[in-house]
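Taken in order, the sequence shown gives residues -2 to 820; the numbers are from our numbering.
Everything on this sheet refers to the single structure shown next.
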Amino acid sequence: MTQPTGTSIGPPGAPRAAAPGGAVSRQVTATSAAAADQSDGFRPDLEGLRGIAVALVVLYHAAPSLAPGGFIGVDAFFVLSGFLITGLLVREHEGRGRIDLSRFYARRARRILPAAAVTIVVTLALAAALLPPLDLPRMAGDAVASTFSLANLRFAAVDGDYFAPTTPSPFRQFWSLAVEEQFYLLWPALLIVAIGAGRLVRRPSADLPGANGDGGIRIGAGAAIAIVLVASLAFSLWLTPVDAPAAFYGLPTRAWQLALGGLLAVGWPLVGRVPRGVAVVAGWAGLAVLVAAALAIGPTTPYPGFAAIVPAAATAAIIAAAGRRPGAALALGTPPVRFAGRISYSLYLWHWPILALPVAAGLVVDPAITIVLVAAAVAAATVSWAAIETPFRAGRISRLRPASTLAVAACAILAIGAISTGLAAGASAGLDLTATIAPARAADGGGDAGGIDPELLLAPVGRGRGASPPPGSAALPSAPASRPAGSVSGTVGEPAAPVDRPVTGTVGEPASSDGRPVTAGSASPAPADAPPSSPPDAPSPAPASPALVATGPDLPSNLAPSIGAAAKDGDGLLERGCGMELRGVTPPECVLGDPEGTVTVVLVGDSHASQWAPAFERLAAANHWRFVPFTKYSCVFVAMRIWSDTLGREYTECEAWREKVVARLVEMRPDLVVIASHRWFRTIVGGDDDPVRQGAALASLIERIGAPTAIIADTPLSLYDVPACLSAHPHDVGACATPASIAFGPRPAAREKEAARLSGAKVVDLSSVLCPKGVCAAVLGRYLTMRDDHHLTRTFARALAPYLAVALARTGLFAPAQSPEGP
């Protein structure tokens, strides 16, 4: 499902698209061909413009391939809102000599709050009924942020990239409504100050035609708005390539679009005098450019940035055309388009949760179902417009005094906030979100290892020397011959005969042979190239202790980490300054384990490498290694050009970082380099998605490093967000398991094997340890295996340290030590 976008539809608080200038501006517009249509200040073309904008947004969400840039409908709404709200405030000051803030905010409350409040409450109730319990605290938090007009700030901080969010939310459409509400909070005060300053410095000759003899009001407002426009646009252009999420969601980077509409409103007495021919051409050109932008711009376009200027300017041109005929008003004024504009605010509010919740609940939504959902959204919006928007905007309720309206609005906001907060607190308590994660101990590299004693840990045997598999490794304690009834996936790390014919250095073949990787949030796996098979149990590294056994269908009472804490049970490298985010190219100086150790082990790769850091830290502490992590988010360690969805461009920082890491490794000459990377990433050059070609690209880097190298075969991908799935199935944990044939893809470890064949590196494959009996379980022993759908929890990774030790020993790069300190 494509990621959510949106806007406050139409200008909340402006029930009718009135031309700025009111009675004053009519003396200008009365000479136009649109005079008959606008005799009461109403602009049918602007109602139609709202319809086009909301249609683009809905089409983008329902069928993104048809309108990859449909999210630009947001930009159109921002410009239109700035135009209408600024015009309303300026006209009020011209007519009454002041701006009545209480009346202004009361109108905003009546226009915005009723439909938004109902949408929030209903969406939250549906989310509680349809989504896993683990999602409820986040959903409630989103509801609270939406209620208090902070949704844009929350989504920028929590979800990050708008086009590839980590946690898509059914409240996501409220981000743009929050931007506009923040604008409404600040804009009147700015205009009051600017108008006051303008009246102090105005001269009679400065009066604008049609400005009621007080041009200083518009001159002061125009100057302030122009400053905001220039400053905000400059900031947006600078911030977009630096921090795309902050630029996309922030008011400071979007204010220029609202200011553009405001500047048009302030200068309307001049705009209205533009010749009809010019206005007609501008209107049609603006409409054509707006539609073309929705087709040309896409999720990979750096946005807002320079690209946002196009839809904003197109919208301004349509507004400036003043509805003159035979201009774009002919198309915008048609009944279907105007109807879409009439219900646009409600349609914007309702369409996204109706489209998003079924997908979030795991349902497969095909095109036919999508059409039904869009129709349901239109029906819900029509009811909302007729039963909620209209009575509050123009019915008896609209005659409440401003003070009463604002008091009722405040109570409603507080009530919804309290309900959402209470739901979040209750859900969090039920999930034991405050449970502690087993703390690490600096002395031995880890806390509780769940009963796995590190009987076999590693000691270096010298650079370039080989070692045989540990004697008697096959005779270590084995798993029970049978597993308890209802167990999820049997045992971890069943003993097997020593590997006597490794394939290109592979230690332990994976337990899968087919299936495709599943991206985050997928409801079902993609089709495989060939029917999945059921291979015999593959050899696995001998366990260093009695195997872990899934004890039953229920979650164990001592589950580690707890479901609520799992999402934060990461490797911890970034928090300690030992890992790198997307930006930045220089690997940090970070030595873990024993800084005075004589043996150096380096871990290199992306987050699928850093997830192994807890296991290596435990081994490093027991063996007095210097452990050095070189890891960077989403930066696969292959010599290829790759694409970053988050940055919306080529991931050049990754390429630069790889070169610096290779140079550091050549200089360091470590005793062992361990490489791990996610099997899935977006390439730029055609054909680079072939794992064999990727293996060659990895081998080229290994050859440049010139140090003993082990490559860890990538870990499984789950069909589910594992903690969320377990929260919904606490008495049937098997429901959250993924077949190994799907979890490892159609060509398991193909990249790693090819790199080993070409470079002489060794492959460490723990697939049969992670997914014994061909099943990748959500819980093994007492351990929750994954913190999302493709990263190991820190607690589980630490528990795997002895298995990793044996697997490394079998590569011939290290030999085991026999008497380390216990945990």
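Ideal placement from N, C-alpha and C gives every residue a C-beta, glycine not left out.
Pair within 8 Å by beta-carbon distance, T402 and A103: For this step, residue 402 is matched to residue 405 along the sequence shown. For this step, residue 103 is matched to residue 106 along the sequence shown. Their beta carbons are under 8 Å apart, which means T402 touches A103 by this criterion.
Beta-carbon contacts of A377 that lie in its chain and below 6 Å, excluding the five residues immediately before and after: The residue labelled residue 377 in the question sits at position 380 within the sequence shown. Closer than 6 Å at Cβ, skipping near neighbours: W347.
Collapsed DSSP secondary structure at A15 in the structure displayed: As a first step, residue 15 is located in the sequence shown; it is residue number 18 there, counting from the start. Because A15 sits at a pLDDT of 42, beneath the cut-off of 50, its placement in the model cannot be relied upon, and the following sentence gives the value as read from the coordinates. In this structure, A15 counts as strand in the three-state DSSP scheme.
Same chain, Cβ closer than 7 Å to A810, neighbours up to 5 away in sequence not counted: Position 813 of the sequence shown, counted from the start, is the residue given in the question as residue 810. Checking the displayed sequence, the identity of residue 810 turns out to be Leu instead of Ala. Answer for L810: L669, P705, A707, K759, listed in chain order.
Proximity of A243 and S229 at Cβ, strictly below 8 Å: Here residue 243 refers to the residue found at position 246 when the sequence shown is read from its first residue. Here residue 229 refers to the residue found at position 232 when the sequence shown is read from its first residue. Not a contact, by the Cβ cut-off of 8 Å.
Check whether F152 and Y246 have beta carbons under 8 Å apart: Taking the sequence shown and counting its residues from 1, the one referred to as residue 152 is at position 155. Taking the sequence shown and counting its residues from 1, the one referred to as residue 246 is at position 249. It is a contact, given that the beta carbons lie within the stated cut-off.
Extent of the continuous alpha helix (DSSP H) to which T144 belongs: Position 147 of the sequence shown, counted from the first residue, corresponds to residue 144. Where T144 is concerned, the enclosing alpha helix (DSSP H) stretches over 133 to 144.
Close Cβ partners of L234 (< 8 Å) along its chain, the five nearest in sequence each way excluded: For the purposes of this step, residue 234 is taken as the residue at position 237 of the sequence shown. Closer than 8 Å at Cβ, skipping near neighbours: G302, F303.
T83 vs A262 beta-carbon contact at 8 Å: To locate residue 83, count along the sequence shown from 1; it is residue 86. To locate residue 262, count along the sequence shown from 1; it is residue 265. It is a contact, given that the beta carbons lie within the stated cut-off.
Closest residue to A293 among D786, L63, A325, I49 (Cα-Cα distance): For the purposes of this step, residue 293 is identified with residue 296 of the sequence shown, where counting begins at 1. Ranking the options by Cα distance to A293, first place goes to L63.
DSSP three-state assignment for I672, whether helix, strand or coil: The count along the sequence shown starts at 1 and reaches residue 672 at position 675. If DSSP states are grouped into helix, strand and coil, I672 belongs with the strands.
Residues bridged to A557 [DSSP beta-bridge criterion]: The residue given as residue 557 occupies position 560 in the sequence shown. Y780.
Under the three-state DSSP convention, the category F624 falls into: On the sequence shown, position 627 is the one that residue 624 refers to. If DSSP states are grouped into helix, strand and coil, F624 belongs with the strands.
Residues of its chain near R646, where Cβ-Cβ distance is below 7 Å and the 5 sequence neighbours each way are ignored: Numbered from 1 along the sequence shown, position 649 holds the residue referred to as residue 646. P299.
Whole-Å CB distance - D729 paired with D786, under 8 Å assumed: For the purposes of this step, residue 729 is identified with residue 732 of the sequence shown, where counting begins at 1. For the purposes of this step, residue 786 is identified with residue 789 of the sequence shown, where counting begins at 1. Not quite, the Cβ-Cβ distance comes to about 18 Å (not below 8 Å), so this is no contact.
Nonlocal neighbours in the same chain, by C-beta distance under 8 Å from C773, ignoring five residues either side: Indexing the sequence shown from 1 puts residue 773 at position 776. Excluding residues within five positions, the ones whose Cβ falls inside 8 Å are S486, P713, S715, A734, T735, P736, A737, A740, L767, T782.
Assigned exposure category for D826 - 16 Cβ within 10 Å defines buried: Outside the shown range of the chain (-2 to 820) lies residue 826, about which nothing can therefore be said.
Reduced DSSP secondary structure (H/G/I, E/B, other) of L454: Numbered from 1 along the sequence shown, position 457 holds the residue referred to as residue 454. With a pLDDT of 36 at L454, under the threshold of 50, the modelled position of this residue cannot be trusted; read the value that follows with caution. Looking at L454 - three-state DSSP - the assignment turns out to be strand.
Whole-angstrom C-beta distance between F180 and L121, which should lie under 8 Å: Residue mapping note: residue 121 aligns to position 124 of the sequence shown, counting from 1. Residue mapping note: residue 180 aligns to position 183 of the sequence shown, counting from 1. 26 Å between Cβ atoms; not a contact.
Length of the line joining the Cα atoms of A400 and A148: Here residue 400 refers to the residue found at position 403 when the sequence shown is read from its first residue. Here residue 148 refers to the residue found at position 151 when the sequence shown is read from its first residue. Looking at the two C-alpha atoms, the distance is approximately 26 Å.
Best match in A606, T597, S607, V671 for proximity to R623 [C-alpha to C-alpha]: Residue numbering aside, residue 623 sits at position 626 when the sequence shown is read from its first letter. The shortest Cα separation from R623 among A606, T597, S607, V671 belongs to T597.
Alpha-carbon spacing of D566 relative to S604, whole angstroms: The sequence position of residue 566 within the sequence shown is 569, counting from 1. The sequence position of residue 604 within the sequence shown is 607, counting from 1. Using only the alpha carbons, I get a separation of about 13 Å.
F75 (DSSP reduced to helix, strand or coil): The residue labelled residue 75 in the question sits at position 78 within the sequence shown. DSSP places F75 in helix when its eight states are reduced to three.
Option nearest V76 by Cα separation, candidates R93, S173, A114, F39: Looking up residue 76 in the sequence shown gives position 79. The candidate whose alpha carbon is nearest that of V76 is S173.
The stretch 281 to 288 touching the stretch 311 to 323, judged by at least three CB pairs closer than 8 Å: yes
Limits of the unbroken beta strand (DSSP E) element including G258: Working through the sequence shown from its first residue, we reach residue 258 at position 261. From DSSP, G258 is part of no beta strand (DSSP E) but of the alpha helix (DSSP H) over 248 to 263.
Beta-carbon contacts of C722 that lie in its chain and below 6 Å, excluding the five residues immediately before and after: As a position in the sequence shown, residue 722 is number 725, starting the count at 1. Within the same chain, C722 has close Cβ partners C733.
Stretch-stretch touch, CB-based, cutoff 8 Å, three pairs: the stretch 213 to 221 with the stretch 182 to 194: yes
Proximity test, L63 beta-carbon vs the ligand FAD heavy atom, cut-off 7 Å: Here there are no bound small molecules, and the ligand FAD is not part of this structure.
Residue nearest to A806 in terms of C-alpha spacing, selected from T792, V761, K770: Mapped onto the sequence shown, residue 806 falls at position 809. For the residues T792, V761, K770, the minimum Cα distance to A806 belongs to V761.
Uninterrupted alpha helix (DSSP H) stretches inside the stretch 719 to 802 (no shorter than 4 residues): 719 to 725, 737 to 740, 747 to 756, 764 to 767, 791 to 796
Boundaries (first-last residue) of the beta strand (DSSP E) holding L579: Position 582 of the sequence shown holds residue 579. Careful: L579 lies outside any beta strand (DSSP E) and carries neither H nor E.
One or two residues paired with T680 in a DSSP bridge: Position 683 of the sequence shown holds residue 680. Paired residue(s): I639.
Proximal residues to A194 (C-beta, below 7 Å), its chain only, five neighbours per side dropped: The residue you call residue 194 lines up with position 197 of the sequence shown. Correct list, in chain order: G217.
Three or more C-beta pairs below 8 Å linking the stretch 571 to 590 and the stretch 649 to 656: yes
Pairwise C-alpha distance: P65 and A374: By one-based count along the sequence shown, residue 374 stands at place 377. By one-based count along the sequence shown, residue 65 stands at place 68. For A374 and P65, the distance between alpha carbons rounds to 20 Å.
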